[in-house]
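**Q**
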Amino acid sequence: MSPIEPNIPLFDHSKRRDGTFESADFTFYKECDRYICPGCAILKPKHRNFATPRPDVDADGFILYRASKLECDVCALKPKCCPVTPMRKIMR
Ligand code: SF4
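Taking the working numbering, I'd label the letters of the sequence shown as residues 310 to 401.
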């Protein structure tokens, strides 16, 4: 028994119930701050440079990694990855 017992159960929200790829199916490469999806595309916080720089980290301390819509549009794995959204996103 650990000395500190949580009073609130912790839920793992990274699992998906609709059979689509889970976050664990994407590989994170810390050295370049990128995810690689099962279709070998890159997910990153930004896909273009903004005139006014924007932070990658939101107010809650999360970073949203996005795939390219152009790549997801033509990907054969899209029905198994992001069937109802234009591109796949992963929160970290
Ligand atoms: S739909 Fe997009 S993110 Fe998903 S596997 Fe294909 S290219 Fe990768």
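Every residue gets a Cβ at the ideal spot worked out from N, C-alpha and C, and that includes glycine.
For residue 351, tell me which candidate among 358, 342, 330 has the shortest Cα-Cα distance.
**A** 342
**Q** How long is the line joining the alpha carbons of residue 380 and residue 356, rounded to whole angstroms?
**A** 12 Å
**Q** Taking the alpha-carbon positions, what's the residue 336 to residue 365 distance?
**A** 19 Å
**Q** Quick one: complete alpha helix (DSSP H) runs, 4+ long, within the region 349 to 393?
**A** 378 to 382, 387 to 390
**Q** Answer yes or no: the CB of residue 395 versus the heavy atoms of the ligand SF4, is any distance below 7 Å?
**A** no
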